Amino acid sequence: MEMPVNFDHPYDVLVVGGGNAALCAAIAARRAGARVAILEKAPRFYRGGNTRHTRNMRCAHDTATETLSGPYTEEEFFDDLMRVTQGQTNQPLARMMIRKSKDMLNWITEQGVRFQPSLGGTLSLGRTNSFFLGGGRSMLNALYRTAEKLGVHITYEAEVTDIEMDGSRFVAAQVKTPDVTRRLAARSLVAAAGGFEANIEWLKEGWGDIADNFLIRGTPYNRGTLLRTLIAKGMKQIGDPTQCHAVAIDARAPKFDGGIITRLDCVVFGIVVNNRCERFYDEGEDIWPKRYAIWGRLVASQPDQIAYIIFDAPSLELFMPSLFPPVTGGTIEELAAKLQLDPAALRTTVETFNAAVQPGEFNDKILDGCHTEGLTPPKTNWARQIRTGPFYAYPVRPGITFTYLGVEVDEEARVQLATGGAAENIWAAGEIMAGNVLGRGYAAGIGMTIGSVFGRLAGEGASHYANR
Amino acid sequence: MQTGNAMPAASHVRSVTETQQAHLDEAERLMTVCNSCRYCEGLCAVFPAMEMRRAFGTGDLTYLANLCHNCGACNSDCQFAPPHEFNVNVPKVLAEVRNDSYARYVWPGFLAPMFHRNGLMVALIASLSVAAFFFGFAVWHDPDVLFGTHSGPGAFYRIMPHNTMVAIFGVAFLWSVLAVIISCVKFWRDIGEPSETLRDPRALAGGAHDAATLKYLDGGGVGCMNESDKPDDNRRLFHHLTFYGFMLCFAATAVGTVWHYALGRDAPYPWWDLPVVLGTLGGIGITIGPLGLLAAKFRRDPQLMDEGRKGMDVAFILMLFLTGLTGLALLVLRATPLMGTMLALHLGFVLGFFVTMPYGKFMHGIFRGLALVRYAAEKRRHLG
Numbered sequence: 001m002e003m004p005v006n007f008d009h010p011y012d013v014l015v016v017g018g019g020n021a022a023l024c025a026a027i028a029a030r031r032a033g034a035r036v037a038i039l040e041k042a043p044r045f046y047r048g049g050n051t052r053h054t055r056n057m058r059c060a061h062d063t064a065t066e067t068l069s070g071p072y073t074e075e076e077f078f079d080d081l082m083r084v085t086q087g088q089t090n091q092p093l094a095r096m097m098i099r100k101s102k103d104m105l106n107w108i109t110e111q112g113v114r115f116q117p118s119l120g121g122t123l124s125l126g127r128t129n130s131f132f133l134g135g136g137r138s139m140l141n142a143l144y145r146t147a148e149k150l151g152v153h154i155t156y157e158a159e160v161t162d163i164e165m166d167g168s169r170f171v172a173a174q175v176k177t178p179d180v181t182r183r184l185a186a187r188s189l190v191a192a193a194g195g196f197e198a199n200i201e202w203l204k205e206g207w208g209d210i211a212d213n214f215l216i217r218g219t220p221y222n223r224g225t226l227l228r229t230l231i232a233k234g235m236k237q238i239g240d241p242t243q244c245h246a247v248a249i250d251a252r253a254p255k256f257d258g259g260i261i262t263r264l265d266c267v268v269f270g271i272v273v274n275n276r277c278e279r280f281y282d283e284g285e286d287i288w289p290k291r292y293a294i295w296g297r298l299v300a301s302q303p304d305q306i307a308y309i310i311f312d313a314p315s316l317e318l319f320m321p322s323l324f325p326p327v328t329g330g331t332i333e334e335l336a337a338k339l340q341l342d343p344a345a346l347r348t349t350v351e352t353f354n355a356a357v358q359p360g361e362f363n364d365k366i367l368d369g370c371h372t373e374g375l376t377p378p379k380t381n382w383a384r385q386i387r388t389g390p391f392y393a394y395p396v397r398p399g400i401t402f403t404y405l406g407v408e409v410d411e412e413a414r415v416q417l418a419t420g421g422a423a424e425n426i427w428a429a430g431e432i433m434a435g436n437v438l439g440r441g442y443a444a445g446i447g448m449t450i451g452s453v454f455g456r457l458a459g460e461g462a463s464h465y466a467n468r
Numbered sequence: 001m002q003t004g005n006a007m008p009a010a011s012h013v014r015s016v017t018e019t020q021q022a023h024l025d026e027a028e029r030l031m032t033v034c035n036s037c038r039y040c041e042g043l044c045a046v047f048p049a050m051e052m053r054r055a056f057g058t059g060d061l062t063y064l065a066n067l068c069h070n071c072g073a074c075n076s077d078c079q080f081a082p083p084h085e086f087n088v089n090v091p092k093v094l095a096e097v098r099n100d101s102y103a104r105y106v107w108p109g110f111l112a113p114m115f116h117r118n119g120l121m122v123a124l125i126a127s128l129s130v131a132a133f134f135f136g137f138a139v140w141h142d143p144d145v146l147f148g149t150h151s152g153p154g155a156f157y158r159i160m161p162h163n164t165m166v167a168i169f170g171v172a173f174l175w176s177v178l179a180v181i182i183s184c185v186k187f188w189r190d191i192g193e194p195s196e197t198l199r200d201p202r203a204l205a206g207g208a209h210d211a212a213t214l215k216y217l218d219g220g221g222v223g224c225m226n227e228s229d230k231p232d233d234n235r236r237l238f239h240h241l242t243f244y245g246f247m248l249c250f251a252a253t254a255v256g257t258v259w260h261y262a263l264g265r266d267a268p269y270p271w272w273d274l275p276v277v278l279g280t281l282g283g284i285g286i287t288i289g290p291l292g293l294l295a296a297k298f299r300r301d302p303q304l305m306d307e308g309r310k311g312m313d314v315a316f317i318l319m320l321f322l323t324g325l326t327g328l329a330l331l332v333l334r335a336t337p338l339m340g341t342m343l344a345l346h347l348g349f350v351l352g353f354f355v356t357m358p359y360g361k362f363m364h365g366i367f368r369g370l371a372l373v374r375y376a377a378e379k380r381r382h383l384g
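What follows is the structure, given as structure tokens:
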């Protein structure tokens, strides 16, 4: 039964946001006995922020299961996190999250979420990541059904534009709805309204004008309104404004919400050049799942924030298909002309690369050691000559998934004050506090782990506070 | 990483109308989107079958469309469903392609327009059929016989001689079986599956199992999406009632034939006799099942359906329902003066049903079954 929020009555717990973190918080708070309201800025179809675009979560587990091909210990998870963030993580918080992630697979299943073995084309994540049957929107729908069944009240198209504070205590939210601006009081607040990746102006504060050339992979509704409000009200900011999850996606994708289908998994099979036809990074440094999340930043630092993946016919079917067909040319020059690149320059780059390729046994399933000699930058794996037409190219731009700048939280997911100590009744979960765990870098599925673990903690904490 | 699997494009592509081509183009666009996403691969057979391909010709799309059970789960799970600008609506578009395929492979080909206003055509044929029986009975009999009370073995045959009944229904049935078989041959050629698959017992068993259990009408485990994104399993239940009801009626007829020719026993049989028990249970199935399916159809989110051809679905459902209802009524009233009337009604609907089998929604079960057999075969080929 879908019940809208009643603005005339104060709630125990107000959850701002409508994604995985928000729903986990709302369900946990409701199960702990609180009256819970969810205010989601997006219309019903677009509810749930970037959860709609996700497909798995990374949780530690000691044994293989029906859907996970082997164990993934807390230690291994922690090592992976340390490696991808290069140590830029709040270690005690990260360890707590990883410890609690073990129980999360059970808890989230109890909330109606279903899993399946890893998806076609993602075998390398089959041991570490749990894939949602039907994907992120299916997962989200299950959480909403559970929340509604439990009696959580939900209103869509309701944006929290300001909050009323009494010292360090949250009192009420100012809520903009399509018709009218209203006030909603609650005993405690869970801030789970996402990052600010869809707010290009805010991105420019960190990146400068080049952010105009970024594509936003997910929801257009994550504009960071609540995050900015919390910081303005004295909550402690954490993280670097330029740090985010960014990948290189098809440059022809829409500005917002293109999702998974605009990603390209073919970097390792060709060369990547900027619009001066120069290579700028080792395309074969490591297996793709370990490198895909660095290419957004790499492309962002190229002229006009664009690059081109160039490959030839034998590689065409080695990777997952994507939304747009590749640009095709019978010759390198024809391809260059279609890309509006200098044909002679692209020819030279390809020939120089081809000349540097050493003989070897190409194998797309392993680090095959096929490499270049005397080339800067080198290509250290899967280097084979680009010589069999037709030739193909995908233009790519930085695609921002989500931002890391957020509010600082403690191990109970309580939001910290800039002046020290915790706010009395404010909790945070999800993208809005992801920077506590992710100082930089990314490993697939961690965003959902952060959302679920901190969401549940926040909901329980907020409920206990309200009913203390 | 994976390697592509180049399935041969269909080599017998038949003439496709402009509207059909528009549906195929849209289905091809969707399969390209879906194949880049794959989040739905755990929901049913369509998406794993899609993943075995990188390009989608007419035959591939026709196959995938007939593999789809229209459970609706992928629509409520899709992050790109309308109102998203990518406008991904797999259940509806595959329903359109599927419905087109019944007309494209129809035999004889000049009857393809039967599918244009299928609801009307089926209703007309059913009415004509019922009217013909009334007229026939009225012309051949005195009112005393037609409205008289008959009982005991051979009672029905005093209204209509057994041999006449057999001749009319035999011809209609054989014609329909022939037409269905030829349509299937056209379908099978177009989807590009070798004929050996139809002799592969494991593929046949796999397809039969998935069809008999409606394995893929469950939204990946929670049920169909009907009115909203809250699933239930009612459509599968009502479909089971309808399908098994139909099979029981078929069995009743078959047993009756054996009783008649092998044992020399004439209908009507007593209520406890096997043909009557089978027919009664089956009749209840094809009365309740279609009612449930019909109610679900009118409550269902129109976004999931080929709204323009709802008439075809409704006609088929009503034909089953009326066949069942008149059959049960005949059983109840067979010892009264209304027997002749009920017999005319019932035989009229049964004949109408037989005659329209190759020219309506009945074909969905046949093509779906074939698609499931092919899926069973190619799943094994693909997994090695």
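Residue numbers (the UniProt record's numbering), protein chains in the order written: chain G, 1 to 468; chain B, 1 to 384. Positions of the beta carbon are idealized from the N, C-alpha and C atoms, including for glycine. Only a predicted model underlies this, so the values are computations on that prediction, with no experimental measurement involved.
Serine 76 of chain B versus phenylalanine 238 of chain B: straight-line alpha-carbon distance, rounded:
The residue given as residue 76 of chain B occupies position 76 in the second sequence. The residue given as residue 238 of chain B occupies position 238 in the second sequence. When only Cα atoms are considered, serine 76 of chain B and phenylalanine 238 of chain B end up about 22 angstroms apart.
Which bits of chain B does serine 138 of chain G rub up against, with CB to CB less than 7 angstroms?
For the purposes of this step, residue 138 of chain G is identified with residue 138 of the first sequence, where counting begins at 1. Simply Asp77.
Which of helix, strand or coil does DSSP assign to methionine 319 of chain B?
Counted from its first residue, the second sequence places residue 319 of chain B at position 319. In this structure, methionine 319 of chain B counts as helix in the three-state DSSP scheme.
Closest to lysine 365 of chain G by CA distance: which of G/Thr122, G/Glu40 and G/Gly420 is it?
Position 365 of the first sequence, counting from 1, holds the residue named residue 365 of chain G. Selected option, being the one with the closest Cα: G/Thr122.
DSSP state of phenylalanine 7 of chain G, grouped into three classes?
Within the first sequence, residue 7 of chain G is the residue found at index 7, counting from 1. Of the three classes helix, strand and coil, the one that applies to phenylalanine 7 of chain G here is coil, per DSSP.
Are the C-beta atoms of histidine 245 of chain G and some chain B residue less than 8 angstroms apart?
Your numbering for residue 245 of chain G matches position 245 in the first sequence. No, histidine 245 of chain G lies away from the interface with chain B (no Cβ there is under 8 angstroms from its Cβ).
Run down chain G in chain order and give the residues with a C-beta less than 9 angstroms from the C-beta of valine 33 of chain B.
For this step, residue 33 of chain B is matched to residue 33 along the second sequence. Simply Ile261 and Leu323.
Those runs of the alpha helix (DSSP H) which lie wholly inside the region 72–152 of chain B and span at least 4 residues:
With a minimum length of 4 residues, the continuous alpha helix (DSSP H) runs that stay inside the region 72–152 of chain B are 73–77, 90–104, 118–140 and 143–146.
Using a threshold of 8 angstroms, state whether the C-beta atoms of tryptophan 427 of chain G and phenylalanine 269 of chain G are closer than that.
The residue given as residue 427 of chain G occupies position 427 in the first sequence. The residue given as residue 269 of chain G occupies position 269 in the first sequence. Taking 8 angstroms as the Cβ cut-off, tryptophan 427 of chain G and phenylalanine 269 of chain G do not qualify as a contacting pair.
Taking DSSP as the reference, what is the three-state secondary structure of isoleucine 249 of chain G?
For the purposes of this step, residue 249 of chain G is identified with residue 249 of the first sequence, where counting begins at 1. Looking at isoleucine 249 of chain G - three-state DSSP - the assignment turns out to be strand.
So which residues of chain G does phenylalanine 56 of chain B contact, with C-beta pairs closer than 9 angstroms?
The residue labelled residue 56 of chain B in the question sits at position 56 within the second sequence. Within 9 angstroms Cβ-Cβ: nothing; phenylalanine 56 of chain B doesn't reach chain G, min ~11 angstroms.
Does histidine 245 of chain G pass the burial test, meaning 16 or more other C-beta atoms within 10 Å, or should it be called exposed?
The residue you call residue 245 of chain G lines up with position 245 of the first sequence. That one is buried.
Just to make sure I have the definition right: I need the residues of chain B whose C-beta is within less than 9 angstroms of the C-beta of phenylalanine 362 of chain G. Which are they?
As a working mapping, residue 362 of chain G is identified with position 362 in the first sequence. Within 9 angstroms Cβ-Cβ: nothing; phenylalanine 362 of chain G doesn't reach chain B, min ~12 angstroms.
With which residues is glycine 329 of chain G paired in a DSSP beta bridge?
Reading the first sequence from its first residue, position 329 is the one you call residue 329 of chain G. Beta-bridge pairing links glycine 329 of chain G to G/Phe391.
For aspartate 162 of chain G, name the three-state secondary structure that DSSP assigns.
Locating residue 162 of chain G in the first sequence gives position 162, where the first residue counts as 1. Strand, per DSSP.
Name the chain G residues that come within less than 7 angstroms of arginine 38 of chain B, Cβ to Cβ?
Residue 38 of chain B sits at position 38 when you count from the first residue of the second sequence. Listed by position along chain G, the residues whose Cβ is nearer than 7 angstroms to that of arginine 38 of chain B are Leu119, Gly120 and Gly121.
Mind checking which residues open and close the alpha helix (DSSP H) that includes glutamate 163 of chain B?
On the second sequence, position 163 is the one that residue 163 of chain B refers to. For the record, residue 163 of chain B in the displayed sequence is asparagine; it is not glutamate. Here the alpha helix (DSSP H) through asparagine 163 of chain B covers 162–191.
Going along chain B in order, which residues have a C-beta closer than 8 angstroms to the C-beta of residue 525 of chain G?
Beyond the ends of chain G as shown, which are 1 and 468, falls residue 525 of chain G; an answer cannot be given.
Name the DSSP beta bridge partners of cysteine 244 of chain G, please?
One-based indexing of the first sequence puts residue 244 of chain G at position 244. Its beta-bridge partners are G/Thr403.
To the nearest angstrom, how far is the alpha carbon of arginine 183 of chain G from that of alanine 173 of chain G?
Along the first sequence, one-based indexing puts residue 183 of chain G at 183. Along the first sequence, one-based indexing puts residue 173 of chain G at 173. Each residue's Cα considered, the two are about 6 angstroms apart.
By the DSSP assignment, the beta strand (DSSP E) with leucine 305 of chain B in it spans what residues?
Residue numbering aside, residue 305 of chain B sits at position 305 when the second sequence is read from its first letter. The sequence shown places methionine at residue 305 of chain B, rather than the leucine named in the question. For methionine 305 of chain B, there is no enclosing beta strand (DSSP E), as DSSP marks it with neither H nor E.
Per DSSP, what kind of secondary structure is asparagine 467 of chain G in: helix, strand or coil?
Taking the first residue of the first sequence as position 1, residue 467 of chain G is located at position 467. Three-state DSSP puts asparagine 467 of chain G in coil, outside helix and strand.
Assuming the contact rule is C-beta atoms closer than 8 angstroms, alanine 307 of chain G and valine 350 of chain G should be a hit. Round their C-beta distance to whole Å, please.
Counting from one through the first sequence, the residue named residue 307 of chain G turns up at place 307. Counting from one through the first sequence, the residue named residue 350 of chain G turns up at place 350. Rounded to the nearest angstrom, the Cβ distance from alanine 307 of chain G to valine 350 of chain G is 15 angstroms, too far for a contact under 8 angstroms.
For histidine 209 of chain B and chain G, any beta-carbon pair shorter than 8 angstroms?
Residue mapping note: residue 209 of chain B aligns to position 209 of the second sequence, counting from 1. Among the CB atoms of chain G, none fall inside 8 angstroms of the CB of histidine 209 of chain B.
Got a sec? Which residues, its chain only, sit under 7 angstroms from leucine 133 of chain G by beta carbon, not counting five neighbours each side?
In the first sequence, counting from the first residue as 1, residue 133 of chain G sits at position 133. So the list reads Arg114, Phe115 and Gln116, once near-sequence residues are dropped.
So does the region 384–393 of chain G actually touch the region 332–350 of chain G, counting three or more Cβ pairs closer than 8 angstroms?
Flag = yes, the region 384–393 of chain G and the region 332–350 of chain G touch.
When the Cα of arginine 291 of chain G is compared with those of G/Ala443, G/Ile450, G/Met320 and G/Lys204, which residue comes out closest?
Position 291 of the first sequence, counted from the first residue, corresponds to residue 291 of chain G. If you compare the alpha carbons of G/Ala443, G/Ile450, G/Met320 and G/Lys204 with that of arginine 291 of chain G, the shortest gap goes to G/Ala443.
When Cβ atoms are compared, which residues of the region 73–103 of chain B fall closer than 9 angstroms to chain G?
Within the region 73–103 of chain B, the residues whose Cβ lies closer than 9 angstroms to some Cβ of chain G are Ala73, Cys74, Ser76, Asp77, Cys78, Gln79, Phe80, Ala81, Pro82, Pro83, His84, Glu85 and Phe86, listed in chain order.
Would you please state the rounded distance, in angstroms, between the beta carbons of glycine 19 of chain G and glycine 430 of chain G? I believe it to be under 8 angstroms.
Here residue 19 of chain G corresponds to residue number 19 of the first sequence, with the count starting at 1. Here residue 430 of chain G corresponds to residue number 430 of the first sequence, with the count starting at 1. Yes, they are in contact, since the Cβ atoms of glycine 19 of chain G and glycine 430 of chain G sit about 6 angstroms apart, within 8 angstroms.
From what residue to what residue does the alpha helix (DSSP H) around alanine 64 of chain G run?
Position 64 of the first sequence, counted from the first residue, corresponds to residue 64 of chain G. Premise fails: alanine 64 of chain G is in no alpha helix (DSSP H) and is neither H nor E.
List the residues of chain G whose Cβ lies closer than 7 angstroms to the Cβ of glycine 42 of chain B, in chain order.
Within the second sequence, the letter at position 42 stands for residue 42 of chain B. Residues of chain G passing the Cβ test: Gln116, Leu133 and Gly134.
Can you say whether leucine 124 of chain B is buried or exposed, counting buried as having 16 or more other CB atoms within 10 angstroms of its CB?
In the second sequence, counting from the first residue as 1, residue 124 of chain B sits at position 124. Around the CB of leucine 124 of chain B, fewer than 16 other CB atoms lie within 10 Å, so the residue is classed as exposed.
Leucine 330 of chain B by DSSP, collapsed to three states: which one?
Within the second sequence, residue 330 of chain B is the residue found at index 330, counting from 1. When DSSP states are grouped into helix, strand and coil, leucine 330 of chain B belongs to the helix group.
Isoleucine 400 of chain G and glutamate 197 of chain G closer than 8 angstroms at C-beta
Residue numbering aside, residue 400 of chain G sits at position 400 when the first sequence is read from its first letter. Residue numbering aside, residue 197 of chain G sits at position 197 when the first sequence is read from its first letter. Yes, the pair counts as a contact, with Cβ atoms nearer than the cut-off.
Local Cβ density within 10 Å of histidine 346 of chain B, reported as buried at 16 or more and exposed below that:
Here residue 346 of chain B corresponds to residue number 346 of the second sequence, with the count starting at 1. Buried, since its Cβ has 16 or more Cβ neighbours within 10 Å.
Counting only the same chain and skipping the five closest in sequence on each side, list residues whose C-beta sits under 6 angstroms from that of leucine 294 of chain B.
Position 294 of the second sequence, counting from 1, holds the residue named residue 294 of chain B. Here the set comprises Ile317.
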